[in-house]
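Number of protein chains: 2
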Amino acid sequence: MPIITIKDIAKKADVSVATVSYVINNTRPVSPELTARILHAIEELGYSPNAVARSLRQKRTKMIGLIVPDSTNPFFAEIAKGVEDAGYEAGYSVILCNSNAEFERELVYLNLLQSKRVEGIIFIATTTHVEQICPIVKSSIPVVIFYRDIRGLDVDTFRINNFEAGYRGTRYLIELGHQEIACIQPLSPETPSGERVAGYQRAMEESGLTWRETLMPRGDNRLSGGKRAAEDLLRSGLPFTAIFSSNDTMAIGAMRTLREAGLRIPEDISILGVDDIILASYSDPPLTTVAQPKYEAGTQAVRFLIDRIEGNYQQGPRNVILNTELIIRKSCSHLK
Amino acid sequence: MPIITIKDIAKKADVSVATVSYVINNTRPVSPELTARILHAIEELGYSPNAVARSLRQKRTKMIGLIVPDSTNPFFAEIAKGVEDAGYEAGYSVILCNSNAEFERELVYLNLLQSKRVEGIIFIATTTHVEQICPIVKSSIPVVIFYRDIRGLDVDTFRINNFEAGYRGTRYLIELGHQEIACIQPLSPETPSGERVAGYQRAMEESGLTWRETLMPRGDNRLSGGKRAAEDLLRSGLPFTAIFSSNDTMAIGAMRTLREAGLRIPEDISILGVDDIILASYSDPPLTTVAQPKYEAGTQAVRFLIDRIEGNYQQGPRNVILNTELIIRKSCSHLK
DNA sequence: CTGTTAGCGCTTTCAA
DNA sequence: TTGAAAGCGCTAACAG
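Each protein sequence line maps, in turn, to chains A and B. For the first sequence, position 64 (counting from the first letter as 1) is numbered 653 according to our numbering, and the numbering increases by one without interruption. For the second sequence, position 302 (counting from the first letter as 1) is numbered 891 according to our numbering, and the numbering increases by one without interruption.
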């Protein structure tokens, strides 16, 4: 089947291509007669405007790129939904890119998106290399970065105060009367979860409590990592009545191990996480956690992008610290 | 900053734009000297090829569209991941579209994708209207439809045998000795989940067991719907020892309610779902369920699309019935 | 209110 | 081995 273009419509309606363009985009008044003829021709021929041609001409693609480590992870899925929804509202389509947390793939996608001339990029980075986004920023494509501290570059960032999240969660445990509070750490302290551990330590110190490395096992940010960390804790033989887990996923994994070991939550051990992933509310018992906004962060990131795209924001980088919130569910109780 | 084009590169390297194009795409041998000069100029000027222009010229966008009801739903998220991965492998980007199960939004996206000249569309439809995809198919964009029976149109489809899934799951419960088996239904019987209920009924009848509407509450396919359905069940006062839930999501919601009511799973109540979403393996207890492939379905759908895009498949519609598999975990036990 | 036309950045045929 | 040039489908001056 031959491709129908604006030219075909023009011929069929016996007008110029310009006029067709004007009625399609409603960008100049056109007489009712011509409008009717054109609309009729469009209908008849089943014409679909070629957005590619239009993009080339206008230098606007009405597309944004979203790079996430894994769109299957409920945490990122929520953000992605926020992005898509806000994009839809504003007339932007989103290209979904999973980096699988691989540097290589992040780079490939970054270049691809630039090539495709998306008008903005939302990047949930795992590799902290500033260099890679530098050329993109230079190319004047607005970028929003999540959860990384990118200094000295004109990109907006969204982060949570991880230190405070850790601090606040730990304080809550302390207020419940706990003194021997273990901590499940991520593998590397140089991650968002790592900063939470510092908050944990500060809260402990401020209350005159001591933390010790033996009660701070590490896990790989997955359920299995949490299970293993809990095993380490049990094996250490040291007493503890509560656990601060640097994220929900590991907290849930740890709960499993604890229960398998015959411990009751929260009667024997209180446990608290950070993130508020969907699993947290459906775990048993439901996990008390320090929540951070996800969907809303996605929508606002798009708004930031569009501000810059449409030229409504010209100033320097905006660094948003998202508010955390303590969600009290059933996994923590007063020390008896 | 001025936009760098192939022309700038040509000038800087003192060659023709054609030659630049040839080295970029490696589509014609070019002498080492010129190649070096061109590469150097590209590097120096930070040139990024304009994929939009190329698409216009080649009439190929290397993009596919994915329409899902809700990318946040783990079930669709898995499919989406499969699509994205397979797309990445094959050099296709994917535009993510959430329809929110709204007819209007499906339609908008369908037209948008056509306008953007994606080369294929994977459509997880919620509204069964054949008419809406008809113009797309006519426009020769390959389409794959999930979970709907679209007859008389040249589109490939992927489905599972929902009846069999329901039948098989229920049979398993019966084999465990259960006789009073409740069923959590979707709101509408005209959905994939609805067909599963028919399988449930058949299995019951074949074993001489009776099903009754009062033990078949409906839910809205979400966790909260499952909770509510379980409440209905409890309120009915009727005895039951097992529940067949037409999908995992509602099963998990129901488990929650059941436990809050002091019932143990599986000791007091066995429960079985369909789908095998990620939450099913992380729920407590892990949910026994009839699984269907999701990620693999996503990757294969892309392969089907690409077959047609590249002209490797010219025949009529392919209708794939995906295999289901009973995954035995911990939520069902023998009736004592 | 309408039409003519240049040109967006690229690929690719044709010619050298 | 290289270059000139047409043209993909559209928008938006500019001219009438």
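Glycine included, C-beta positions come from ideal geometry on N, C-alpha and C. These figures come from a predicted structure and were not determined experimentally.
Residues that residue i contacts on chain A, provided the C-beta gap is smaller than 8 Å
| i | result |
| --- | --- |
| B:G797 | Residues of chain A passing the Cβ test: none, with the nearest at roughly 36 Å. |
| B:Q703 | S637 |
| B:T650 | V641 |
| B:I841 | Y871 |
| B:T661 | P663, A666, E667, A669, K670 |
| B:R848 | D873 |
Residues that residue i contacts on chain B, provided the C-beta gap is smaller than 8 Å
| i | result |
| --- | --- |
| A:N687 | K670, E673, D674, Y677 |
| A:V604 | By Cβ distance, chain B contributes nothing, its closest Cβ being about 21 Å from A:V604, past 8 Å. |
| A:P906 | Within 8 Å Cβ-Cβ: nothing; A:P906 doesn't reach chain B, min ~18 Å. |
Test: residue i CB closer than 9 Å to a CB of chain B
| i | result |
| --- | --- |
| A:R897 | no |
| A:R706 | yes |
| A:P724 | yes |
| A:L876 | no |
| A:L655 | yes |
Cβ neighbour criterion (16 or more within 10 Å) applied to residue i
| i | result |
| --- | --- |
| A:S620 | exposed |
| A:Q889 | buried |
| B:R649 | exposed |
| A:A880 | buried |
| B:D865 | buried |
| B:I910 | exposed |
| B:T616 | exposed |
| B:Q703 | buried |
| B:K816 | buried |
| A:I592 | exposed |
| A:S637 | buried |
| A:A625 | exposed |
| B:G741 | exposed |
Neighbouring residues, chain A, relative to residue i (Cβ below 7 Å)
| i | result |
| --- | --- |
| B:D873 | S872, D873 |
| B:R845 | Y871 |
| B:S859 | Those within 7 Å of B:S859 in chain A number zero; the least Cβ separation is about 17 Å. |
Among the options, nearest to residue i - alpha-carbon criterion
| i | options | result |
| --- | --- | --- |
| A:W800 | A:R748, A:A787, A:K600, A:A675 | A:A787 |
| B:G814 | B:M805, B:D837, B:G842, B:L823 | B:G842 |
| A:R807 | A:P906, A:G797, A:I613, A:L822 | A:L822 |
| B:V641 | B:G680, B:K651, B:P663, B:E633 | B:K651 |
| A:E820 | A:S835, A:N836, A:T803 | A:T803 |
| B:S729 | B:I668, B:R897, B:Y681 | B:R897 |
| A:Y681 | A:F692, A:L655, A:E695, A:P663 | A:L655 |
| B:T830 | B:I593, B:G766, B:I722 | B:G766 |
| A:R643 | A:T594, A:S870, A:E693 | A:T594 |
| B:L827 | B:L894, B:P875, B:Q768 | B:Q768 |
| B:L868 | B:M844, B:S610, B:S859, B:A625 | B:M844 |
| B:L623 | B:S870, B:P781, B:A607, B:I770 | B:A607 |
| A:M805 | A:F712, A:L776, A:G797 | A:L776 |
| B:L876 | B:P855, B:P882, B:A602, B:F893 | B:P855 |
| A:T873 | B:R811, B:R740, B:R853 | Looking at the sequence shown, residue 873 of chain A is not Thr but Asp. Measuring from the Cα of A:D873, the nearest candidate turns out to be B:R853. |
| A:L628 | A:V604, A:R646, A:N639 | A:V604 |
| A:T759 | A:G741, A:D738, A:E779, A:R785 | A:R785 |
| A:Q647 | A:R811, A:N614, A:F712 | A:N614 |
| B:P731 | B:I710, B:I739, B:N751, B:D738 | B:I710 |
Under 9 Å between C-beta atoms of residue i and residue j
| i | j | result |
| --- | --- | --- |
| B:Y756 | B:R748 | no |
| B:I631 | B:I653 | no |
| A:A690 | A:T661 | no |
| A:S699 | A:I722 | Reading off the sequence shown, one finds Leu at residue 699 of chain A, where the question assumed Ser. It is a contact, given that the beta carbons lie within the stated cut-off. |
| A:F665 | A:D659 | yes |
| A:V733 | A:D745 | yes |
| A:S834 | A:C921 | no |
| A:G905 | A:G671 | no |
| A:S782 | A:Q790 | no |
| B:T838 | B:G862 | yes |
| A:I882 | A:N912 | It is worth fixing the name first, because residue 882 of chain A is Pro in this sequence and not Ile. Yes, they are a contact pair. |
| A:A840 | A:T878 | yes |
CB contact below 9 Å: residue i versus chain A
| i | result |
| --- | --- |
| B:D837 | no |
| B:N750 | no |
| B:S644 | yes |
| B:R694 | yes |
| B:N700 | yes |
Residues that residue i contacts on chain B, provided the C-beta gap is smaller than 9 Å
| i | result |
| --- | --- |
| A:I684 | M652, S682, V683, I684, L685 |
Contact set between residue i and chain A, taken where Cβ atoms lie within less than 9 Å
| i | result |
| --- | --- |
| B:L812 | I867, S870, Y871 |
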